[in-house]
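Below is one structure; the comments refer to it alone.
Residue numbers (this note's numbering): 119 to 461.
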């Protein structure tokens with residue numbers, strides 16, 4: 119029997135070597151990905167940036183927040199290391215970023231159209247990189263798009279990653295306002311307490327519209343470091359937003375206010391708690407010091423969610439923006455998830 123065993127061993131060794139040779143040949147053919155282009159999504163030309171060290175790597179689609187606050191320059195500045203382990207796809211959604219500069223008045227712009235556009239982009243990426251599934255990451259308002267995509271089209275994704283995940287905006291608002299009150303009382307900040315009272319009473323001077331109410335509260339959050347936890351990081355984020363030539367003259371608030379007005383305030387009345395199960399692994403991430411969208415709301419929701427696998431990850435030195443506030447840790451964790459779930 120020994121000759122037979124020897125033959126089998128040689129055959130297995132040859133199969134292994136052939137597999138390694140095929141993988142090596144594939145890697146030899148693979149080229150770095152560095153593409154900046156406009157793709158038609160939902161009948162609108164929209165900007166997509168794809169970056170990766172090899173075209174054979176897994177694909178991650180990053181859905182930015184706002185709505186109307188593109189993440190492309192931030193990803194370049196803080197998260198470039200991700201491109202070693204995956205193809206990072208940054209998409210400037212309709213109504214913002216390079217898409218807004220190309221077309222400042224898109225025909226379609228709603229949460230529903232953004233979900234449809236993201237689905238269309240997913241199909242493009244699957245075909246472009248010859249893969250059955252990609253990874254999906256939704257950040258802040260992008261998580262509203264992402265969670266609904268993951269529920270509706272689980273077959274398209276290896277996993278869903280929600281960063282500063284929105285579940286119920288009213289719960290977020292209540293916990294955020296309570297924290298602001300506590301800060302104002304402890305600091306004996308009478309001016310802030312007066313503003314809080316006006317917001318609660320929807321005084322037209324600070325709260326004429328839902329958008330104005332949000333911005334009035336946001337001013338107080340910034341005052342108490344309830345959005346970006348450390349001031350030096352907030353300055354670095356501001357630097358990143360004007361660092362690159364193609365965003366240097368971009369008016370961030372003009373586009374943000376435009377997108378917000380087009381959504382008609384619906385973004386302030388989001389409730390995704392009816393999504394009770396997902397058929398793919400789910401990871402939520404939150405900054406421990408985020409009082410814009412307190413992570414406790416998403417954490418409580420995740421405990422009730424039925425999923426193939428789920429985990430909640432806290433970033434202890436972050437506020438609302440872990441990708442920029444703790445980029446090394448964020449990049450490491452994302453790479454670990456992508457490597458594990460794509461193997």
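Backbone N, C-alpha and C define an ideal beta-carbon position, used for all residues, glycine too.
Taking residue 424 as reference, the option from 411, 399 and 446 with the minimal CA-CA separation is 399. The alpha carbon of residue 455 has as its nearest neighbour, out of 272, 255 and 395, the alpha carbon of 255. In this structure, the beta-carbon distance from residue 157 to residue 227 does not fall below 9 Å. For residue 200, no alpha helix (DSSP H) segment is defined, and its DSSP state is neither H nor E. Counting only runs of 4 or more residues that sit fully inside the stretch 259 to 296, the alpha helix (DSSP H) segments are 260 to 270, in chain order.
Each residue's CA atom was taken as its position, placing residue 225 and residue 329 some 22 Å apart.
Using a Cβ-Cβ distance cut-off of 8 Å, the stretch 265 to 279 and the stretch 391 to 406 are in contact, since at least three pairs of beta carbons, one from each stretch, lie closer than that value.
Annotation: residue 386 is outside any alpha helix (DSSP H) and is labelled neither H nor E by DSSP. The C-alpha of residue 161 is placed about 19 Å away from the C-alpha of residue 267.
When secondary structure is reduced to three states using DSSP, residue 401 falls in the strand class.
In this structure, DSSP gives residue 428 an extended state, which the three-state scheme calls strand. Measuring C-alpha to C-alpha distances from residue 358 to each of 149, 415, 217 and 441 identifies 441 as the nearest.
In this structure the stretch 180 to 195 lies against the stretch 208 to 227, because at least three pairs of beta carbons, one per stretch, are closer than 8 Å.
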